[in-house]
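Colleague: Numbering (the numbering used here), first residue to last: 17 to 578. I am attaching a structure below and will ask some questions about it afterwards.
Have a look at this one:
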């Protein structure tokens with residue numbers, strides 16, 4: 017880094033207007049950066065400064081007594097002011113030794129003007145220099161950032177970006193790949209690498225929630241400072257850049273670190289897009305597998321490849337992800353854009369699943385992505401990790417390409433042996449078909465309950481006859497009177513006959529519920545709550561919900577108020 021881009025207290029003292037100035041304390045802090053100059057005559061300034069300001073004062077607001085003067089100065093130190101310049105005169109004829117000692121303890125430059133100076137001239141002079149250097153800093157930052165971008169378009173672009181970052185900041189750079197060996201720029205002997213690697217390992221829990229778009233994360237490392245920046249995209253982190261500084265990282269260092277991480281992330285994302293396209297074309301056989309068209313073991317082995325035996329022994333679940341676009345959102349649904357969206361979604365799914373130790377085999381048909389999620393083992397149960405991955409997929413609305421899409425997922429039960437993928441696919445289809453009943457964006461086959469049985473009985477007559485046998489009088493009453501006896505009965509039974517909970521969920525008063533229950537008893541008979549009848553009625557209600565989900569939908573609080 018060109019250190020002339022950072023304007024310091026030492027630089028200010030070289031200006032002609034400081035010819036009569038004298039540093040009387042905190043001389044070790046002359047390299048402090050000065051971002052602005054501020055005239056301050058008030059002892060209450062908590063909201064007036066932001067840090068790294070040169071403070072000019074006559075002491076009018078802080079010279080009442082030594083205690084007030086020390087408190088004023090300590091407050092400036094706490095607010096990270098760059099230095100304090102006092103004009104000797106009416107309010108400070110001399111500087112108390114206690115203030116000089118305080119400045120020395122904190123390496124906080126304490127400067128006095130022995131003659132009257134025009135503060136307006138100092139601010140004009142220094143502000144011109146600061147603005148000019150800031151402009152030069154931005155020019156150099158833009159130039160280096162463009163070079164970062166150019167380097168990512170060349171062979172071994174990531175390595176070249178890191179080398180340029182090291183050269184531009186004059187710091188030790190460590191590139192920590194989550195899948196790969198750490199890289200050091202410049203190279204370090206093994207005994208000097210170990211402390212840095214150990215320090216990174218110790219930050220494991222702290223880094224868990226840090227997103228790639230976050231500002232550099234700084235921590236002390238002995239007498240040095242480490243700035244840590246995640247590298248990634250799509251809400252995923254693929255690597256970290258560690259900048260090891262002998263001083264507090266300046267704004268220029270952090271901006272370069274941001275730019276380098278973004279350039280590397282773009283290169284990694286391009287690489288992943290190319291790999292995703294390749295995998296998409298290679299995995300066309302997945303569609304044949306879930307369709308049950310691959311029956312020959314030898315052909316399946318040749319399609320899967322050399323790791324067939326390992327893959328075939330892994331447990332897996334089939335996920336069917338349906339991509340829906342809300343009707344009120346208009347977007348260009350051209351073939352190229354649709355292809356871009358599906359590839360983008362596929363890339364996110366692969367990244368998320370791999371994060372949770374699941375290897376995805378992905379295929380696309382129409383608006384549905386089918387994922388065979390192979391469990392490559394972890395400490396947590398496979399279903400829990402898959403649930404976490406799918407929950408994360410539901411929270412990618414910040415992604416510009418996918419923000420208008422709605423994703424609904426059906427998940428099969430766990431299977432082993434790839435030839436069982438067809439059965440898993442059918443279970444995922446059944447789970448997805450019940451979205452209208454459950455209104456859940458992710459539905460596992462195990463959660464279907466009695467619907468597993470009812471789906472297989474849905475031949476057009478069996479369920480209808482069963483429903484009429486147990487619910488016929490209520491159906492007819494609702495149709496002729498416009499009542500909601502079926503919905504009332506479902507909510508009442510689903511909550512074990514609790515009248516209080518049923519009334520609350522139906523948004524009706526208790527008296528209205530009593531009237532409805534009396535009517536239900538009248539139509540179904542006094543014995544409808546006996547165990548055998550109750551079981552049959554609840555199954556019939558589930559069957560009715562399967563066939564007519566919209567008729568057993570609970571009212572929303574808003575509609576109840578209306």
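Virtual Cβ for every residue (Gly too), placed ideally from N, Cα, C.
Quick check: the Cα distance between residue 236 and residue 215, rounded to an integer number of angstroms?
Modeller: Here residue 236 refers to the residue found at position 220 of the chain shown. Here residue 215 refers to the residue found at position 199 of the chain shown. Looking at the two C-alpha atoms, the distance is approximately 10 Å.
Colleague: So the alpha helix (DSSP H) residue 179 belongs to, where does it begin and stop?
Modeller: Reading the chain shown from its first residue, position 163 is the one you call residue 179. Start and end: 173-185.
Colleague: Evaluate residue 530 with the Cβ neighbour count: other Cβ atoms within 10 Å of its Cβ, from every protein chain shown; 16 or more gives buried, anything less gives exposed.
Modeller: In the chain shown, counting from the first residue as 1, residue 530 sits at position 514. Result: exposed.
Colleague: In terms of residues, what are the limits of the beta strand (DSSP E) holding residue 54?
Modeller: Here residue 54 refers to the residue found at position 38 when the chain shown is read from its first residue. From DSSP, the beta strand (DSSP E) with residue 54 extends over 52-55.
Colleague: Can you list, in chain order, the residues of its chain whose CB lies under 6 Å from that of residue 122, leaving out five sequence neighbours each side?
Modeller: The residue given as residue 122 occupies position 106 in the chain shown. If we look at residue 122 and ignore the five residues flanking it on each side, its Cβ neighbours are 93.
Colleague: Can you tell me which of 145, 112, 469 puts its alpha carbon nearest to the alpha carbon of residue 29?
Modeller: Mapped onto the chain shown, residue 29 falls at position 13. For the residues 145, 112, 469, the minimum Cα distance to residue 29 belongs to 145.
Colleague: Roughly how many angstroms separate the alpha carbons of residue 49 and residue 22, rounded to a whole number?
Modeller: Taking the chain shown and counting its residues from 1, the one referred to as residue 49 is at position 33. Taking the chain shown and counting its residues from 1, the one referred to as residue 22 is at position 6. So the two alpha carbons sit approximately 6 Å from each other.
Colleague: In chain order, what residues of the same chain have a beta carbon less than 7 Å from the beta carbon of residue 489, not counting five sequence neighbours either side?
Modeller: Here residue 489 refers to the residue found at position 473 when the chain shown is read from its first residue. The residues are 539, 540.
Colleague: Give the DSSP-derived three-state secondary structure of residue 267 in the structure shown.
Modeller: Position 251 of the chain shown holds residue 267. Residue 267: helix per DSSP, three-state reduction.
Colleague: What's the gap between the Cα of residue 34 and the Cα of residue 230?
Modeller: For the purposes of this step, residue 34 is taken as the residue at position 18 of the chain shown. For the purposes of this step, residue 230 is taken as the residue at position 214 of the chain shown. Distance between the alpha carbons of residue 34 and residue 230: 40 Å.
Colleague: What does DSSP give as the partner residues of residue 381 in its beta bridges?
Modeller: Taking the chain shown and counting its residues from 1, one reaches residue 381 at position 365. Its beta-bridge partners are 384.
Colleague: With a cut-off of 8 Å, do at least 3 Cβ pairs link the stretch 201-218 to the stretch 287-295?
Modeller: Short answer: they don't touch.
Colleague: With DSSP run on the structure shown, which of helix, strand or coil describes residue 376?
Modeller: In the chain shown, the residue the question calls residue 376 occupies position 360. Three-state DSSP puts residue 376 in a strand.
Colleague: Buried or exposed: where does residue 427 fall if 16 or more other Cβ atoms within 10 Å of its Cβ makes it buried?
Modeller: Within the chain shown, residue 427 is the residue found at index 411, counting from 1. So residue 427 counts as buried.
Colleague: I'd like the list of long-range same chain contacts for residue 177, defined as Cβ closer than 7 Å, with 5 residues on each side in sequence excluded.
Modeller: As a first step, residue 177 is located in the chain shown; it is residue number 161 there, counting from the start. If we look at residue 177 and ignore the five residues flanking it on each side, its Cβ neighbours are 164, 167, 168, 276, 279, 280.
Colleague: Starting from residue 449 and walking both ways along the alpha helix (DSSP H), at which residues does that stretch end?
Modeller: Within the chain shown, numbered from 1, the residue matching residue 449 stands at position 433. That run of the alpha helix (DSSP H) goes 437-449.
Colleague: Please confirm whether residue 255 and residue 194 have their CB atoms less than 8 Å apart.
Modeller: Here residue 255 refers to the residue found at position 239 of the chain shown. Here residue 194 refers to the residue found at position 178 of the chain shown. Yes.
Colleague: Per DSSP, which one or two residues make a beta bridge with residue 425?
Modeller: Mapped onto the chain shown, residue 425 falls at position 409. Answer is 337, 458, bridged to residue 425.
Colleague: Can you tell me whether residue 358 is helix, strand or coil according to DSSP?
Modeller: Numbered from its first residue, the chain shown carries residue 358 at position 342. DSSP places residue 358 in helix when its eight states are reduced to three.
Colleague: Assuming residue 479 and residue 559 make a contact with CB atoms under 8 Å, what is their CB distance in whole Å?
Modeller: Numbered from its first residue, the chain shown carries residue 479 at position 463. Numbered from its first residue, the chain shown carries residue 559 at position 543. Contact holds; Cβ gap of about 5 Å.
Colleague: Taking C-alpha atoms, which residue in 67, 287, 36 lies nearest to residue 51?
Modeller: For the purposes of this step, residue 51 is taken as the residue at position 35 of the chain shown. Closest option to residue 51, Cα to Cα, is 67.
Colleague: Once the 5 residues before and after residue 70 are set aside, which same chain residues still bring their CB inside 6 Å of it?
Modeller: Translated into the one-based positions of the chain shown, residue 70 becomes position 54. Result list for residue 70: 50, 53, 98, 99, in chain order.
Colleague: Return the Cβ separation of residue 228 and residue 244 in integer angstroms, given the expectation that the two are a contact with Cβ distance under 8 Å.
Modeller: The residue you call residue 228 lines up with position 212 of the chain shown. The residue you call residue 244 lines up with position 228 of the chain shown. The Cβ separation is near 12 Å, so there is no contact.
Colleague: Quick check: the stretch 434-443 against the stretch 301-316, are at least 3 beta-carbon pairs closer than 8 Å?
Modeller: These segments touch.
Colleague: By DSSP, does residue 19 sit in helix, in strand, or in coil?
Modeller: Within the chain shown, residue 19 is the residue found at index 3, counting from 1. For residue 19, the pLDDT reaches just 45, beneath the cut-off of 50, and the residue's location in the model is therefore unreliable, although a value from the coordinates is still provided. Residue state, collapsed to three classes: helix.
Colleague: Going by the CB atoms, is the gap between residue 112 and residue 616 shorter than 8 Å?
Modeller: Outside the shown range of the chain (17 to 578) lies residue 616, about which nothing can therefore be said.
Colleague: Please say whether residue 515 and residue 526 have beta carbons closer to each other than 8 Å?
Modeller: Against the chain shown, residue 526 aligns to sequence position 510. Against the chain shown, residue 515 aligns to sequence position 499. In contact: residue 526 and residue 515 (Cβ atoms closer than 8 Å).
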